[in-house]
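Visitor: Residue numbers (the working numbering): 5 to 253.
There's a structure below that I have some questions on.
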């Protein structure tokens, strides 16, 4: 089967046998590409002037927004259900925060949240990609890795250049913020029968399937997902705090 014919294909209109396997050679190569890009952009950022750093931040922010706009254009051209792709997922919110941060004259309150909440979410999105049902050479597969890769690169370059300092109070600020956002999105999910932020269903995500198996689905799944996210925020907080003390102090 020539998967090049499915470059613009949507998940909901694609055959079942054209995807790639998680942790396959193709998947690992894409992850390696993200790591190489993140390393390059972080080194470039560390050695840049203040003006150049501002330009790098703004360039990544604009690239994120342009990629989302182009994605919507592709969906419309392919007559996809636009409501399945409304950008209120966790990493879409990360992109909005990056735009706020990049175009603010001073460091913003969102930086700590970008590190302990959105960076782990972006990493998990690439380790457990939802695009596995599509070919590697597909717009939406490429978009997923480019979009989340830009988020990872942005936050990483700020962290390694000591422009994000974290404390435990910030952990609960981030948790409170995301719980408020998730509460609004959950209401939207219930009203529209959608699954934004994976609050209603695991969406065949291999990691979230474990939560479904443990909880049995339904509201128990949603509550377990919230608990899991709070737990992971704490885990990543201690990881980043350790890295900060060992290498950035």
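Backbone N, C-alpha and C define an ideal beta-carbon position, used for all residues, glycine too.
1. Since residue 186 and residue 203 should fall inside the 8 Å C-beta cutoff, what is the C-beta to C-beta distance between them, to a whole number of angstroms?
2. So residue 178 packs on residue 128, CB below 8 Å; how close in whole Å?
3. Would you kindly work out how many angstroms separate the C-alpha atoms of residue 169 and residue 200, rounded to a whole number?
4. I believe residue 139 touches residue 22 by the beta-carbon criterion, under 8 Å. Please report the beta-carbon distance rounded to the nearest angstrom.
5. Just to confirm the assignment, what range does the alpha helix (DSSP H) spanning residue 227 have?
6. Count the other CB atoms within 10 Å of the CB of residue 33; is the residue buried (16 or more) or exposed (fewer)?
7. Which one of 250, 198, 114 and 64 has the shortest CA to CA distance from residue 167?
8. Span of the alpha helix (DSSP H) holding residue 148?
9. Tell me whether the region 24 to 42 and the region 142 to 159 touch, counting them as touching only if at least three CB pairs, one residue from each stretch, are closer than 8 Å.
10. Keeping to the same chain, check which residues put their C-beta closer than 8 Å to that of residue 91; ignore five residues upstream and five downstream.
11. Rounded to a whole number of angstroms, what is the C-alpha to C-alpha distance between residue 238 and residue 106?
Guide: Straight from the coordinates:
1. As a first step, residue 186 must be located in the chain shown, where it is residue number 182. As a first step, residue 203 must be located in the chain shown, where it is residue number 199. Sure, about 6 Å apart at Cβ, within 8 Å.
2. Walking along the chain shown from the start, residue 178 turns up at place 174. Walking along the chain shown from the start, residue 128 turns up at place 124. Wrong, their Cβ atoms sit about 16 Å apart, outside the cutoff.
3. Working through the chain shown from its first residue, we reach residue 169 at position 165. Working through the chain shown from its first residue, we reach residue 200 at position 196. Each residue's Cα considered, the two are about 30 Å apart.
4. In the chain shown, counting from the first residue as 1, residue 139 sits at position 135. In the chain shown, counting from the first residue as 1, residue 22 sits at position 18. At roughly 5 Å, the Cβ-Cβ gap stays under 8 Å, so residue 139 and residue 22 are in contact.
5. As a first step, residue 227 must be located in the chain shown, where it is residue number 223. Taken as a continuous stretch (DSSP letters only), the alpha helix (DSSP H) holding residue 227 covers 222 to 247.
6. Here residue 33 corresponds to residue number 29 of the chain shown, with the count starting at 1. Flag for residue 33 reads exposed.
7. As a position in the chain shown, residue 167 is number 163, starting the count at 1. The shortest C-alpha separation from residue 167 is found at 114.
8. Position 144 of the chain shown, counting from 1, holds the residue named residue 148. Run containing residue 148: 143 to 164, per the alpha helix (DSSP H) assignment.
9. yes
10. For the purposes of this step, residue 91 is taken as the residue at position 87 of the chain shown. So the list reads 72 and 99, once near-sequence residues are dropped.
11. As a first step, residue 238 is located in the chain shown; it is residue number 234 there, counting from the start. As a first step, residue 106 is located in the chain shown; it is residue number 102 there, counting from the start. Looking at the two C-alpha atoms, the distance is approximately 26 Å.
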